[in-house]
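Numbering (our numbering), first residue to last: 2 to 263.
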């Protein structure tokens with residue numbers, strides 16, 4: 002395991018996975034720890050620029066899964082209101098566009114992504130959360146749909162992602178109601194995928210990341226890439242995978258196991 006503290010808001014931890022025999026597998030899970038002290042973990046322009054750089058690095062080292070968590074009482078409290086006041090309308094809109102681009106890049110990352118929510122997620126924090134494939138949450142966490150409270154709508158692409166996750170009706174209802182919901186309600190409506198005890202949530206999430214990291218990686222694009230949509234595109238992508246090296250190796254391994262024992 003290697004660690005690196007980046008210059009502003011993220012610590013990057015690379016976990017090298019082992020095989021069942023204890024030898025290195027050559028597979029890596031990247032853990033990102035978000036911490037923006039003094040701002041309730043607001044996600045601001047500097048955060049987005051730093052995260053975009055990290056995502057490029059993750060692709061270059063061919064990591065097999067990403068785990069994202071935050072330190073402190075908040076997973077993310079949304080945008081930084083002090084920054085918005087300083088930036089004004091034009092500067093703030095430009096910053097929000099760059100943040101939205103970063104979250105779209107996170108959403109489209111070609112590996113499984115997991116968010117571990119141990120603190121409250123508010124406003125834009127839910128738009129950040131919506132960019133992940135799997136969400137683990139501690140039982141005490143609150144999820145606040147608060148954009149309406151400060152006279153805003155979704156600004157970082159969160160509505161479209163939340164509608165895919167929750168459905169249009171539930172997304173609109175929660176946004177219009179502008180209230181905080183519990184982890185239990187978040188699980189019920191589909192905002193999160195699993196509630197885990199605080200003392201083991203990181204362990205559970207890492208186990209999930211490691212399990213997915215060991216699965217074939219090429220099919221991931223077929224599940225996540227928005228360009229591979231519709232029957233024709235799906236068939237074409239499937240044909241590229243059919244009897245390619247990864248598929249053939251799995252078939253041969255299955256064939257060996259299926260042979261009758263003497």
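For glycine and all other residues, C-beta sits at the position ideal for the given N, C-alpha and C.
N- and C-terminal bounds of the beta strand (DSSP E) containing residue i
{"i": "residue 178", "result": "It is not in any beta strand (DSSP E) - residue 178 instead sits in the alpha helix (DSSP H) that spans 169-178."}
{"i": "residue 217", "result": "Residue 217 -> no beta strand (DSSP E), and no H or E assigned at all."}
{"i": "residue 32", "result": "25-35"}
{"i": "residue 16", "result": "11-19"}
{"i": "residue 71", "result": "66-71"}
Local Cβ density within 10 Å of residue i, reported as buried at 16 or more and exposed below that
{"i": "residue 141", "result": "exposed"}
{"i": "residue 32", "result": "buried"}
{"i": "residue 255", "result": "exposed"}
{"i": "residue 131", "result": "buried"}
{"i": "residue 209", "result": "buried"}
{"i": "residue 252", "result": "exposed"}
{"i": "residue 249", "result": "exposed"}
{"i": "residue 91", "result": "exposed"}
{"i": "residue 78", "result": "buried"}
{"i": "residue 165", "result": "exposed"}
{"i": "residue 120", "result": "buried"}
{"i": "residue 122", "result": "buried"}
{"i": "residue 138", "result": "buried"}
{"i": "residue 159", "result": "buried"}
{"i": "residue 74", "result": "exposed"}
{"i": "residue 187", "result": "buried"}
{"i": "residue 49", "result": "buried"}
{"i": "residue 198", "result": "exposed"}
{"i": "residue 170", "result": "exposed"}
{"i": "residue 67", "result": "buried"}
Beta-carbon proximity of residue i to residue j, cut-off 8 Å
{"i": "residue 110", "j": "residue 128", "result": "no"}
{"i": "residue 101", "j": "residue 88", "result": "no"}
{"i": "residue 115", "j": "residue 69", "result": "yes"}
{"i": "residue 181", "j": "residue 133", "result": "no"}
{"i": "residue 58", "j": "residue 30", "result": "no"}
{"i": "residue 80", "j": "residue 45", "result": "yes"}
{"i": "residue 47", "j": "residue 10", "result": "yes"}
{"i": "residue 157", "j": "residue 126", "result": "no"}
{"i": "residue 37", "j": "residue 76", "result": "no"}
{"i": "residue 206", "j": "residue 193", "result": "no"}
{"i": "residue 28", "j": "residue 212", "result": "no"}
{"i": "residue 72", "j": "residue 118", "result": "no"}
{"i": "residue 106", "j": "residue 53", "result": "yes"}
{"i": "residue 167", "j": "residue 190", "result": "yes"}
{"i": "residue 13", "j": "residue 55", "result": "yes"}
{"i": "residue 162", "j": "residue 108", "result": "yes"}
{"i": "residue 1", "j": "residue 19", "result": "Here the chain has residues from 2 to 263 only, and residue 1 is not among them."}
Residue i: first and last residue of the uninterrupted alpha helix (DSSP H) it sits in
{"i": "residue 59", "result": "46-61"}
{"i": "residue 234", "result": "232-242"}
{"i": "residue 222", "result": "221-225"}
{"i": "residue 202", "result": "202-214"}
{"i": "residue 188", "result": "184-190"}
Contact test: residue i Cβ vs the ligand FMN heavy atom, cutoff 7 Å
{"i": "residue 128", "result": "Ligands displayed in this structure: none; no statement on the ligand FMN is therefore possible."}
Any chain E beta carbon closer than 8 Å to residue i
{"i": "residue 202", "result": "Considering every chain present, this structure includes no chain E. It has just one protein chain."}
Inset, instruction - May I have a chain-ordered list of the alpha helix (DSSP H) segments no shorter than 4 residues that lie completely inside the segment 108-173? - result: 125-130, 159-167
Inset, instruction - Please determine if the segment 172-189 and the segment 149-163 are in contact, where contact requires at least 3 C-beta pairs separated by less than 8 Å. - result: yes
Inset, instruction - Specify whether the segment 217-226 and the segment 236-243 touch according to this definition: at least 3 beta carbon pairs, one from each stretch, less than 8 Å apart. - result: yes
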